[in-house]
Amino acid sequence: MKMTYREAVRQAMHEALAADPRVFLMGEDVGKYGGTYACSKGFLEEFGPERIRDTPLSELGFVGAGIGAALGGLRPIVEVMTVNFSLLALDQIVNTAAALRHMSGGQFSVPLVLRMATGAGRQLAAQHSHSLENWYAHIPGIRVLAPATIGDARGMLGPALADPDPVVIFEHAQLYNLEGELPADWRCDIASAAVRREGTDVSLITYGGSLPKALAAAEQLAAEGIAAEVIDLRVLRPLDTATLAASLRKTHKAVVVDEGWKSGSLAAEVMACIVEQCFFDLDAPVARVCSEEVPIPYAKHMEEAALPQVPKIVAAAKQVIGK
Amino acid sequence: MIAPPPAGPVPWDKGFAQKLLADMLRIRRMEEKCAELYGAQKIRGFLHLYIGEEACAVGAMHALTADDNIVATYREHGHALVRGVSMNAIMAEMFGKSAGCSRGRGGSMHLFDAATRFYGGNAIVGGGLPLAVGFALADKLQGRRAVTACFFGEGAMAEGAFHESMNLAALWQLPVLFCCENNLYAMGTALARSEAQTDLCAKAASYAVPTLKADGMDIVAVHEAMKLAAAHVRDGLGPFFLELQTYRFRAHSMFDPELYRDKAEVEEWKARGPLHTFSARLKAEEKLTEEEFLAFDARANAEVQAAVDFAEAAPWEPVEDLLKDVHTP
Amino acid sequence: MIEFKLPSLGADMDEGKLLEWKVRPGDTVKKGQVVAIVDTSKAAVDVESWSEGTVFELLIEPGETIPVGTVMATLLEAGERPETAQRTPRPAPAPKPAAPTVAPAATARPTPAVAGRRRISPAARKHAEELGVDIETIAGTGPEGAVTLADVEQAAAAAKVSPAKTAAAPDKAAEMRKAIAAAMSRSKREIPHYYLSEPVPMRRATEWLAKANEGRPITSRLLMAVLQLKAVALALRKFPEMNGFFRDGAFQPAASAHIGVAISLRQGGLIAPAIHDVGEKTLEQLMLDLTDLVKRARAGSLRSSEMSDPTITVTNLGEQGVAAVYGVIYPPQVALVGFGRIVEQPWAENGALTVVPVVTASLAADHRVSDGHRGALFLAALRDLLQQPENL
């Protein structure tokens, strides 16, 4: 069945709401407005205001309330409009949701799902273009997901809700309009990375909004006789390093593509894992294509120059191959 | 406290009254053009229009002096223009050109101008309020009689930043003029659906800050209230909270399906539109003729066209400059 | 004439689907008037006109999805007459909004090589060690002149193939010799070889082969070497400890038998590239593979995988007229099977003496991995397999 990423997210939430009365959705403009990204259109009418709760612009408050509701036996899906605004709620996420299980000696778990849009590419400038997945992936106690395909947009929410611990789901804003076939076997795990394209010459390792770019780069490289393997991390914490290592043992070369800023990026973590686990399989220094280290500018050409782009990925792949 | 309705005729001379009308027209025509240019993809990203709310910025800005600091939101084109940022620089900014007031890096949501003490252009709701407290602290500690005017929407009052800022400003008796433009909707969420206490002045008053409520569709009411508030702050009597009750005629950003409000409600408010009500009032008081109105309108349109031409012709920032201005060189 | 284009209605809108026209040709349109309803992927939105005029043509049908910027309708300006107005062809997709094209910023290059230490990739260093190639003699072609896996594999291949290139690059011959020397020295230094041999009667095989080749054109006739390769591969299934690599202090059995075939080159020299998955292939396929491999080996156009993949080597020096071969194992392999010349010799069978063609099959094996007992059973199995050529 053909559908958009947006529709896949909507169906996933719809299924969860219909299946389990403990599940409810709350966030800014999820109700009357139908969701900033229209992912909850029609929900208010169908499930009512008790379960589809519009919140004031009080991110710290309602994210914290989601944590409390999870502790109290509900299964909240909390939508923080974008990662940019989630910064206002970081305290509750880091100091409470992530820590509670361990610091209570295992007495409490927080079965909370936090969804948020992330990423740049729509000329929304510095304060609305963050890609801070890595900040969350740094925190023990939460699982961090980055569905990059229609299947994952459809399939990841279920296991995320079933997870007894907090799960943060990043939906790249550039993906909502993505249209494609929903695979018949869209049910998936939230533990493993996926090989999205097989290849033998170089591994392009990426996630989220950069996956379509990496696949496009692989296509271009194929035209030049270079077989690139594309790995979609899918789960940013905990990282599935076994899949990375298996790919590196085959290709011996890697380029990590990450929309986060280079210093201290998720790409840096992936590279560190590769060096730790695959050093003797490496045939070239590992390269990365990240965002330039500036607040994301508004002007289109400047924004494009600041972000990972297909030509940069192609160039980096050729560089590690020595072509 | 509610500002007394401006009794009797417009309490201003003809020149001043016409100046404020002309400024409202400049904002309106500029933003109508922006909407058109957005459709044509000359302007991109988010574009939050102020159409319908012009009386607030114009009435408020004309009560301030050049020494005062302005902190605004992402719906700030009108504030920047009336504050004295040139329409050319604003339009070029929205085009993403280096001649823009933020070199094309900020766009619609991030207009900045040091020369007019216009501190932007803040796109995180409530983000400007603590900043305003800091400006006022600096002014107070350095003995300046300046006012920091901080504009924000009623949606920001749900943020912790609002409450923390109010308390700090009141605790330290800082010269901040909190100017809430209450347009009734935080994006798609109506006030009553986001605030238990919908009397915004009552919330502010709980911090022991004096408050005033004014009709934001009436430029006379806005300006007179703003004068009072600014005088209070400038005289060192501490912060002040002013609520301007207004309405945006267009969507939150460029488009939204407007599932959250009736078209009839929008029409009702449009009938109270600040441009035509104020010009009708001036005409009735013989402070304006139709010819003069048309001349102001023509002048505003010409200014807009010139700004568009300027922005079209302006160069793009060279991509080599991408990494500039992250740190002081 | 004014073109009414599908406007961008939000930061995330790329295209829209026309749901409904709110105007018809001939209608007057005012500035700000809603003229159409368009479905972005998020919602149905009223679309207004920014121009005034009279609707001339509607170019898009309700239901059509079009990119932002597509001309949807034309309006006549004041004074324009419909009779004189040009009809508009169906719109082409809108061009992308204008913005300067940008060359990708250069990605960061690694810092230049530090003097005194050559750039050798970890994988190349490891592989060179496995192949017994002296890494210091290999020129690097990778990033920043680094020695890569491919360089090592090429050098290893060149070490055996290079006679063809000798004239052009005389020091290649020395390099090759050096590589062979290193590999063989390492083999004899590290691998405790043991040797076994077994005479194998070949009557049934030769008779079967003659029959199989009857009527075949010369070019597609099978050689005895192919039967021997297949027999080795099948024997290895029962004796996996002969097939694989000894690496990092441990034996890693191979899942399939990739047999390195020792090929003597006309110009001199020897090379042992792999035929992959020998056990799974038919004799005909093996014959094709062998012919191709010999041809390419002699032309110097082998693939690097063919050089690095052999899990065992088979050498047949029968053509050279020797009776038996006791080879040196090619590290990190753990065994080498040799075949000598097929000779007619007296053979006692069922209490009678006859003359049969016989070949000496030999095994050189790594004592760290297998023992002579298993080696003997392996050779016996090989012998028995060659007695049933029809099953090969």
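Just so you know, the protein sequences line up as chains A, B and C, in that order. For the first sequence, counting from 1, position 55 maps to 71 in my numbering; every step adds exactly one. For the second sequence, counting from 1, position 179 maps to 914 in my numbering; every step adds exactly one. For the third sequence, counting from 1, position 178 maps to 263 in my numbering; every step adds exactly one. In this text, a Cβ means the ideal position worked out from N, Cα and C, and glycines have one as well. Keep in mind that this is a model prediction, so the values were computed, not measured.
> If you measure beta-carbon to beta-carbon, which residues of the segment 909–929 of chain B are closer than 9 Å to chain A?
Replying inline: A921, M922, G923, T924, A925, R928 and S929
> According to the neighbour-count rule (16 or more other Cβ atoms, all chains shown, within 10 Å of its Cβ), is S208(A) buried or exposed?
Replying inline: exposed
>> Let me see if you follow: with CB-CB separation under 8 Å, is Y192(A) close to chain C or not?
In response: yes
>> Just to make sure I have the definition right: I need the residues of chain C whose C-beta is within less than 7 Å of the C-beta of T338(A). Which are they?
In response: Looking at the sequence provided, one finds Gly at residue 338(A) rather than Thr. Neighbours of G338(A) on chain C, chain order: T226, G227, P228 and T233.
> Secondary structure at C791(B), three-state DSSP: helix, strand or coil?
Replying inline: helix
> What residue range is occupied by the uninterrupted alpha helix (DSSP H) comprising P327(A)?
Replying inline: V326 to I337
> Just to confirm, are A105(A) and G157(A) a CB contact at a threshold of 8 Å?
Replying inline: no
> From the DSSP output, which residues share a beta bridge with L448(C)?
Replying inline: L281(C) and V422(C)
> For a contact meaning CB atoms closer than 7 Å, what does M989(B) contact in chain C?
Replying inline: L94 and G95
> Where I166(A) and L375(C) are concerned, what is the direct C-alpha to C-alpha distance, given to the nearest angstrom?
Replying inline: 48 Å
> Can the beta-carbon of T933(B) be found less than 8 Å from the beta-carbon of A927(B)?
Replying inline: yes
> Along the segment 1043–1056 of chain B, what residues have a CB closer than 7 Å to any CB found in chain C?
Replying inline: W1051 and V1054
>> I'd like the list of long-range same chain contacts for F1028(B), defined as Cβ closer than 6 Å, with 5 residues on each side in sequence excluded.
In response: S1014
>> Contact criterion: CB-CB distance below 8 Å. Does P189(C) meet it with respect to chain A?
In response: Because P189(C) carries a pLDDT of 48, less than 50, the predicted location of this residue cannot be relied on, and no value is offered for it.
>> Tell me which residues share the same chain as C204(A) and place their Cβ nearer than 7 Å to its Cβ, disregarding the 5 neighbours each side in the sequence.
In response: G167, D168, G171 and M172
>> Against G164(C), what residues of chain B qualify as contacts under a CB-to-CB distance less than 7 Å, listed in chain order?
In response: Those within 7 Å of G164(C) in chain B number zero; the least Cβ separation is about 20 Å.
> Is M86(C) helix, strand or coil by DSSP?
Replying inline: coil
>> Does A193(C) pass the burial test, meaning 16 or more other C-beta atoms within 10 Å, or should it be called exposed?
In response: Residue placement at A193(C) cannot be trusted, given a pLDDT of 49 that sits under 50; what the coordinates show is reported in the next sentence. Classification for A193(C): exposed.
> How about E1028(B): is its C-beta nearer than 8 Å to some C-beta of chain C?
Replying inline: Residue 1028(B) is actually Phe in this sequence, not Glu. Not closer than 8 Å to any Cβ of chain C, the Cβ of F1028(B) fails to qualify, so no.
> So, using beta-carbon positions, are R138(A) and S125(A) closer together than 8 Å?
Replying inline: no
> Name the chain A residues that come within less than 7 Å of F751(B), Cβ to Cβ?
Replying inline: Ordered by position in chain A, no residue passes the 7 Å Cβ test against F751(B), which lies about 36 Å from the chain.
> Using a Cβ-Cβ cut-off of 6 Å (strictly less than) and excluding sequence neighbours within five positions of I93(A), which residues of its own chain qualify?
Replying inline: L41 and V129
> Given A798(B), which residues of its chain have a CB within under 7 Å of its CB, disregarding the five upstream and five downstream residues?
Replying inline: H958, M961, K962 and A965
>> Quick check on the burial criterion: 16 or more other C-beta atoms within 10 angstroms. Buried or exposed for K1059(B)?
In response: exposed
> Per DSSP, F976(B) forms a beta bridge with which residues?
Replying inline: F913(B) and T946(B)
> At what residues does the beta strand (DSSP E) containing I954(B) begin and finish?
Replying inline: I954(B) -> not in any beta strand (DSSP E); alpha helix (DSSP H) instead, spanning I954 to R969.
> Straight-line CA distance for A801(B) to A807(B)?
Replying inline: 16 Å
> Counting along the chain, where does the alpha helix (DSSP H) carrying T155(C) start and finish?
Replying inline: No alpha helix (DSSP H) contains T155(C), which DSSP labels as neither H nor E.
> Which residues in the same chain as V140(C) place their Cβ atom closer than 7 Å to its Cβ, once the five residues preceding and following it in sequence are excluded?
Replying inline: V108, R109, P110, G111, D112, V114, A158 and L160
> What residues from chain A crowd round L994(B), counting only those whose CB sits closer than 7 Å?
Replying inline: K48, Y49 and G50
>> Against H268(A), what residues of chain C qualify as contacts under a CB-to-CB distance less than 7 Å, listed in chain order?
In response: A208 and L234
> What's the call for T981(B), buried or exposed, on a 16-neighbour Cβ count within 10 Å?
Replying inline: buried
> If we count the other Cβ atoms within 10 Å of its Cβ and call it buried at 16 or more, is T439(C) buried or exposed?
Replying inline: exposed
>> Checking the sheet assignment: what are the DSSP bridge partners for Q430(C)?
In response: V441(C)
> Can the beta-carbon of A884(B) be found closer than 8 Å to that of A795(B)?
Replying inline: yes
> Whose CA, out of E1055(B), F1045(B), T1063(B) and V1054(B), lies closest to the CA of C836(B)?
Replying inline: F1045(B)
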